[in-house]
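So the sequence shown is numbered by numbering that gives the first Met the number 0: it starts at 0 and just counts up by one. Even for Gly, the Cβ is constructed at its ideal location relative to N, Cα and C. What follows is a single structure, written as structure tokens, with notes after it.
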Amino acid sequence: MNWITNYVRPRINSIFSRREIPENLWTKCDECGTMLFHRELSDNLNVCTNCSHHMGITPRARFAALFDGGIFSEVDVPVPTPDPLHFRDQKKYPDRLRAAQKLTGEKEAMLVATGEMGRTPVVAAAQDFSFMAGSMGMYVGNAIIAAAETAVKLKRPLILFSAAGGARMQEGILSLMQMPRTTVAVQMLKEAGLPYIVVLTHPTTGGVTASYAMLGDVQIAEPGALICFAGPRVIEQTIREKLPEGFQRAEYLLDHGMLDRVTPRTQMRDELITITRMLMGLPPAIKGDLPAPAAAEPVKAEAKPKDAPKK
Ligand SMILES: [Zn+2]
């Protein structure tokens, strides 16, 4: 104990901790380096206002912007057996799961919800890249099956937003089993004659690309999204050749017939409304007629005690 530890160090710490506060309010764009105010960035759905770079977005924020008035109800997903392989690398799998849950505030890497989008009833599922890289384990498989079953039961289209580093290696073969399981779930929708629309977001890779993410009736991607099975670095090392510019990016895939559209996030809702209404045989949406996202308050049926019969 001396003057340095008692006086100087606390002073230095207080100066540095004070500096951290404004940093939380600003996010630096990975692409152009512009400092973006957090409010401005979230209002623009995490798309850089300077260069239109699409950053990650949580399923909850996406659904708030997708559904009318930001209102949706979550679909319950059966929770699978935790850690069936007792997997351990540098950390135990349950520890990694708990850390991801704490970080994101979510149970797992996929959120399923029902709601209305431009007065069009839909079921939507969104993968959370911030939860263990959105990896597809048994829970994600269960979530897709729950989403497909709900869509079939309610006769609604299913919209899926994919984002994943691939299969969840901590669940070994059981994670790979989600590829055929989710493929069967998609088939259920096709047999029921219901549209399945996939929105591929950055990045969608590995076993996810090799199953449900590429089976949509309509395949849309966000600009600049990396969509691949094996990544460009692995391919480059294997074939020992320089890959072309923009290889495996959304625009490249569109040019090569792998996608139907590349749509900016800020226009995605309108486009999804148009496509789902068209495929469900509903009249087209008229501009200005449909409620805006996360703005309108829910219309509640008012109780009228006067009209109620008295007994
Ligand atoms: Zn930018």
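Among the options, the one whose alpha carbon lies nearest that of residue i
i      : options                        : result
HIS37  : CYS31, GLU30, CYS47            : CYS47
ALA142 : PRO120, THR182, ARG118, THR119 : THR182
MET257 : MET267, PHE246, THR265, ARG264 : PHE246
PHE128 : MET137, LEU252, ALA108         : ALA108
ILE196 : THR273, ASP67, ALA212, ILE158  : ILE158
ASP269 : TRP25, ASP67, SER41, PRO58     : ASP67
LEU209 : THR33, GLY164, GLN266, GLU170  : Checking the displayed sequence, the identity of residue 209 turns out to be Ala instead of Leu. Per the Cα distances, GLY164.
LEU173 : GLY205, ARG95, MET137          : MET137
ALA124 : ILE285, ALA212, ASP82          : ALA212
ALA132 : ALA166, LEU153, ARG118         : ALA166
GLU170 : ASP254, ARG87, ILE285, ALA98   : ARG87
GLY205 : MET168, THR237, ASP216         : MET168
ILE199 : THR26, HIS255, MET279, ARG260  : Residue identity check: residue 199 is Leu in the sequence provided, not Ile. Closest by alpha carbon: ARG260.
ASN43  : ALA220, GLN266, PRO58          : GLN266
VAL217 : THR103, PRO283, ILE272         : ILE272
LYS154 : CYS28, MET178, ILE285, MET187  : MET187
GLY215 : PRO156, ARG180, GLY104, GLU240 : PRO156
GLY104 : GLY140, CYS50, ARG180, PRO58   : PRO58
ILE274 : GLY140, GLU240, THR119, ASP75  : THR119
Straight-line gap, residue i to residue j (C-alpha atoms, nearest Å)
i      : j      : result
LEU225 : VAL7   : 48 Å
GLY176 : ALA150 : The identity of residue 176 in the sequence shown is Met, whereas the question assumes Gly. Using only the alpha carbons, I get a separation of about 22 Å.
PRO93  : PRO263 : 37 Å
ASP82  : LEU110 : 20 Å
SER72  : ALA249 : 31 Å
ALA99  : PHE130 : 5 Å
PHE53  : ALA162 : First, the amino acid is wrong: residue 53 is His here, not Phe. For HIS53 and ALA162, the distance between alpha carbons rounds to 13 Å.
GLY223 : HIS201 : 7 Å
MET135 : LEU242 : 28 Å
ALA184 : LEU253 : 26 Å
ALA146 : TRP25  : 36 Å
CYS31  : CYS227 : 24 Å
ARG276 : ILE219 : 16 Å
GLU39  : GLY69  : 18 Å
GLU19  : PRO77  : Residue placement at GLU19 is flagged as unreliable, the pLDDT there being 48, under the threshold of 50; the coordinate-derived value follows with that caveat. Computed Cα separation, rounded: 40 Å.
HIS85  : GLU244 : 42 Å
ARG10  : ASN23  : 21 Å
GLN126 : LYS90  : 23 Å
MET34  : VAL122 : 35 Å
GLY280 : MET178 : 31 Å
Host beta strand (DSSP E) of residue i (start-end)
i      : result
HIS201 : 195–203
LYS27  : 25–27
PHE36  : 34–36
ALA112 : 109–116
Range of the contiguous alpha helix (DSSP H) that encloses residue i
i      : result
ILE158 : Run containing ILE158: none in the alpha helix (DSSP H); it sits in the beta strand (DSSP E), 157–163.
ALA123 : No alpha helix (DSSP H) holds ALA123; the beta strand (DSSP E) holding it covers 119–126.
VAL139 : 137–153
GLY171 : 171–175
ALA322 : Absent from the model: residue 322. The displayed extent of the chain is 0 to 310, so no value can be given.
PHE62  : 58–65
THR103 : 92–103
(message) My parser needs the beta strand (DSSP E) runs of 3 or more residues fully inside the segment 206–267; what are they?
(response) DSSP runs (the beta strand (DSSP E)) wholly in the segment 206–267: 217–220.
(message) Counting beta carbon pairs with one atom in the segment 51–68 and one in the segment 96–114, are three or more of them shorter than 8 Å?
(response) Result yes; three or more Cβ-Cβ pairs closer than 8 Å.
(message) Under 8 Å: do the segment 231–241 and the segment 184–191 share three or more Cβ pairs, one atom per stretch?
(response) Touching, no, given that fewer than three Cβ pairs across the two stretches are closer than 8 Å.
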